[in-house]
Amino acid sequence: MPGKGGKKMSTNVQLNSSTAKCTNTMSGSQMLVEALKQEKVEVIFGYPGGAVLPIYDSLYDSGLFHVLTRHEQGGIHAAEGYARVSGRPGVVIATSGPGATNLVTGLADAMIDSLPLVVFTGQVASSVIGSDAFQEADILGITTPITKHNYQVREVNDLPRIVKEAFHIATTGRPGPVLIDIPKDIATIEGNFSYDMEVNLPGYQPTNEPNYLQIRKLVEAVSRAKKPVILAGAGVLHANGHEELRQYAEQQQIPIANTLLGLGGFPSDHPLFLGMAGMHGTYTANMAIYDCDLLISVGARFDDRVTGNLQHFAKKAIIAHIDIDPAEIGKNVPTQIPIVGDAKLVLQQLLKQDGKQGDNKEWNEQLASNKKEFPLVYKESDSELKPQNILELIHKWTNGEAIVTTDVGQHQMWAAQYYNFNNPNRWVTSGGLGTMGFGLPSAIGAQLADRNSTVIAVIGDGGFQMTLQELSVIHELNLPIKVVILNNGALGMVRQWQELFYEERYSHSKFVSQPDFVKLSEAYGMTGVRIVKEDGWEEKLKAAILSDEPVLLDIHVCKDENVYPMVATGKGLHEMVGVKL
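Residue numbers (our numbering): 5 to 585.
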């Protein structure tokens, strides 16, 4: 019999990882490893420290694939990218105190964007919790508002049940992050491991199947509508309902606008697609929402960046809201037809109804005309590279099939506007929280989730410098990620707002000095390429994008380029500026 925290399990252990039934005596850390195997975890992102050393000792010869990121924030953003592309929960391990608190941004990001994560934090020993022990932090208190649920393990025999519940909670209903805090002594104490229990959570019963009467109300509303629009959000993607959405839109001939996070849930080249809606949405999508008489929200939560001033939002319309989370329905926009349920299942029910199509032919013709008359536009330049053109070229060379990750800011909006997504789970970005530093590490998780796809991390020179240390992971794992820095020497979106709303008072938004990003990439063992407006730049860019190796591209773009169209704060969707330049 080994001592506490030893790698070897008791000699009477009979381990069976291929089935759900497994009862053994082992330490808490060994229980955790076995539970992760039972959950078929493919990759763990983490960073060791004192409080999780027993866990890392058990990981040593476990056979589980672990990625040592260079910062805990990088680890959790990588897990978010993995979850977004794979649909499976991202798994993270961090130590107590600062290790745990460095996860807070990622937890908040995953919570608001509904990404399934299971996060394990180490904690000081049970006997000193509450004494301000070395590297102690009340991570339960800190993360209660930004997790779907959190636990602290106080009895080792509870650990398997808690892990199983955590994976269930993270991946059912509205997905989200779940945190499990494990005191160091719990990881070393031995107990009985069993993973064949049923998850029994009487207070947690998500509604997946929609109410039939509400379905009928929507069918009748569609049959009467002359100007219907569907606003499709990330809930369609989480439910894997993109095919049902396409079928329903075609069946009823209802045009579709996407939210930022919903991009890829409906083909961008489809005749019924209107573009992205919201602050930097297309003229056609925004005006369709403003003028419609029936607005059907599918898996979208009516975020303020989508609605603009609520006093002007879809005021002529009956609102139908389909969402797995009942708390979202009616929260921001009064709703006449609420439907609680899984988006895929709701759309399947609507398809079965095959209700009478409304008389909306004239409406669709008007919207098609708007698309032609008011496309996304930008001014060409003979002397400077335009970021919109860069995204158009990358889309062309990758056939629109790459996975694109971003930070937040101008580059994010340009990617959303000009890299047209026809397939689901190709778009990885921070929506609700708007997290700088997200794009680079999330690309790592995205590439590990789909090793056969091209991954393009489109980031700004500001956000890149927040998590650039993760270049080391890209090099170490030889991940063929293309890091595309749209370098405008500024915090671009901040600069744009200061130009438009603060009388061009550029307070601390322009960088006085920058590192040489090409030399920096080379220091991390990666190829670096600088792209400027000169003869041959396009061929140089294309060769780098189509390379099979990791490449960092420092692309110097127009410094004063702005993102348009734009709906200013306090304005309605119909009050866009920059529609025609």
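Quick reminder that beta carbons are idealized off the backbone N, C-alpha and C, glycines included.
Alpha carbon of residue 509 to alpha carbon of residue 515, nearest angstrom: 14 Å
Whole-angstrom distance between residue 353 and residue 213, CA atom to CA atom: Taking the straight line joining both Cα atoms gives about 9 Å.
In DSSP terms, what residue 431 is bridged to: 408
Environment of residue 83 [buried if 16+ CB atoms lie within 10 Å]: With 16 or more neighbouring CB atoms inside 10 Å of its own CB, residue 83 falls in the buried class.
Outcome for residue 452 when other beta-carbon atoms lying within 10 angstroms are tallied against a minimum of 16: buried
Beta-carbon gap between residue 85 and residue 190 smaller than 8 Å: No. Outside cutoff.
Which of helix, strand or coil DSSP assigns to residue 25: In this prediction, residue 25 has a pLDDT of 47, which is less than 50 and means its spatial position is unreliable; nothing more can be read from the coordinates.
Whole-number beta carbon distance between residue 150 and residue 108, since they are thought to touch under 8 Å: 7 Å
Contact set for residue 476: own chain, Cβ-Cβ below 6 Å, skip 5 residues either direction: 74 and 528
Where residue 514 falls: helix, strand or coil (DSSP): strand
Assumed close pair residue 303, residue 237 - CB separation to whole angstroms, cut-off 8 Å: 4 Å
Span of the beta strand (DSSP E), counted from its first residue to its last, around residue 279: 277 to 280
Rounded straight-line distance, which links the Cα of residue 312 to that of residue 589: Summary: the structure shown does not reach residue 589, with the chain confined to residues 5 through 585, and so no result is reported for it.
Reference residue 454; option with closest CA among 71, 63, 418 and 90: 90
Which of helix, strand or coil DSSP assigns to residue 455: coil
Rounded C-alpha distance that separates residue 485 from residue 448: Whole-angstrom Cα-Cα distance: 8 Å.
Which residues DSSP lists as bridging residue 299, in chain order: Answer by DSSP bridge pairing, in chain order: 233 and 323.
The beta strand (DSSP E) enclosing residue 198, as first and last residue numbers: 194 to 198
Residue 482 versus residue 553 - alpha carbon distance: 7 Å
Neighbourhood of residue 273 by C-beta, 8 Å cutoff - its chain only, sequence neighbours within 5 removed: 424 and 426
For residue 124, the three-state DSSP class (helix, strand or coil): strand
Cα-Cα separation, residue 256 to residue 377: 25 Å
Every unbroken alpha helix (DSSP H) within the region 529 to 573, with a cutoff of 4 residues, ordered by chain: 541 to 549
Residue from 81, 373 and 243 whose Cα sits closest to the Cα of residue 287: 373
Beta carbon of residue 68 nearer than 8 Å to that of residue 96: no
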